[in-house]
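Data first, discussion second: the structure below is written as structure tokens.
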Amino acid sequence: MIEFKNVSKVFSKGVKAVDNVSFKIDEGEIFGFLGPNGAGKSTSLKMMVGILEQTEGKITVNGVDTLENSIKVKEMISYVPDNPDIYTKMTGIKYLNFIADIYGIDEKIRKEKIEEYNQKLALGDAIYSTIDSYSHGMRQKLVLIGALITSPKVLILDEPMVGLDVKTSFNLKNILREFADSGNTVIFSTHVMEVAEKICDKLVIINKGKIAFCGKLSELKTEEHSNEDLEKIFLELTDNEKI
């Protein structure tokens with residue numbers, strides 16, 4: 007379980023990117039973050055993985071405080087950032103073996119997992135080429151494979167569908183569902199409303215650093231919004247700001 011308790015993040019000049027946010031994410035859930043640009047989505051994810059430290063409040067991952075024991079938290083997490091800027095002079099396979107070495111993954115297991123996820127995400131023989139020859143979509147596939155081969159308890163993805171073709175996006179959604187159904191946790195931000203509506207068990211809508219909604223989609227679609235799609239509800243909750 008991941009828990010935010012009264013978490014705030016203040017940047018320079020007093021800019022409050024996240025403002026007194028509290029929520030829980032249970033094991034086995036796919037949890038979506040929705041919000042306009044600059045709402046605090048990426049900042050929240052970066053605090054979960056320890057890239058940023060919160061100014062106030064407490065964040066725990068499976069009971070472990072992210073500030074008190076950041077290494078233990080990182081051992082449980084795989085993170086895919088919104089921009090797949092990685093070691094461009096490496097080949098794809100060298101990058102994946104580098105990740106596997108960091109996590110101490112057995113040679114046989116890593117080979118099996120690399121083959122499995124390369125097949126599902128269709129990077130193909132490009133895995134043996136240098137990363138500087140990759141398109142954005144190919145780099146995204148590689149980073150996703152790298153995140154999945156570590157068999158994390160928590161998978162945190164910032165805009166994972168950007169740059170992916172239709173087939174790969176479909177396969178990734180199936181991978182995330184299987185991953186969560188195995189008792190793990192998936193957390194991702196997205197601009198694709200359809201993705202959130204189809205695969206999220208719960209979601210949070212964040213606007214100007216504050217939570218506008220947190221819960222199941224069925225709870226969001228109350229009598230007041232029963233005939234509206236998620237995009238229209240989102241716009242109403244965020245003062246008609248576009249994602």
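Residues 7 to 249 in this note's numbering are what the sequence shown lists, from first letter to last.
Idealized CB from N, CA, C, for every residue including glycine.
| query | Going by the CB atoms, is the gap between G110 and A132 shorter than 8 angstroms? | reply | no
| Proximity winner among S139, M144 and K47, relative to G130 (alpha-carbon distances) | M144
| task | On the DSSP bridge assignment, give the partners of T191 in chain order. | result | V160
| task | Whole angstroms is fine: what's the gap from L40's alpha carbon to D138's? | result | Distance from the CA of L40 to the CA of D138, rounded to the nearest whole angstrom, comes to 31 angstroms.
| What first and last residue would you give for the alpha helix (DSSP H) that runs through Y93? | That residue, Y93, is in no alpha helix (DSSP H); it is neither H nor E in DSSP.
| Since I120 contacts I92 with CB under 8 angstroms, what's their CB separation in whole angstroms? | 16 angstroms between Cβ atoms; not a contact.
| request: Give the secondary structure of V58 by DSSP, where H, G and I count as helix, E and B as strand, and everything else as coil. | output: According to the sequence shown, residue 58 is Leu rather than Val. Look at L58 here: in three-state DSSP terms it is coil, with no helix or strand label.
| At what residues does the alpha helix (DSSP H) containing N124 begin and finish? | E113 to L127
| query | Span of the beta strand (DSSP E) holding L209? | reply | K208 to N213
| task | Pick out whichever of K147, I155, E59 and D164 has its Cα sitting closest to the Cα of T174. | result | K147
| request: Would you kindly report the start and end of the unbroken alpha helix (DSSP H) that includes F240? | output: L236 to L243
| In angstroms, rounded to a whole number, what distance separates the CA positions of V5 and L223? | Outside the shown range of the chain (7 to 249) lies residue 5, about which nothing can therefore be said.
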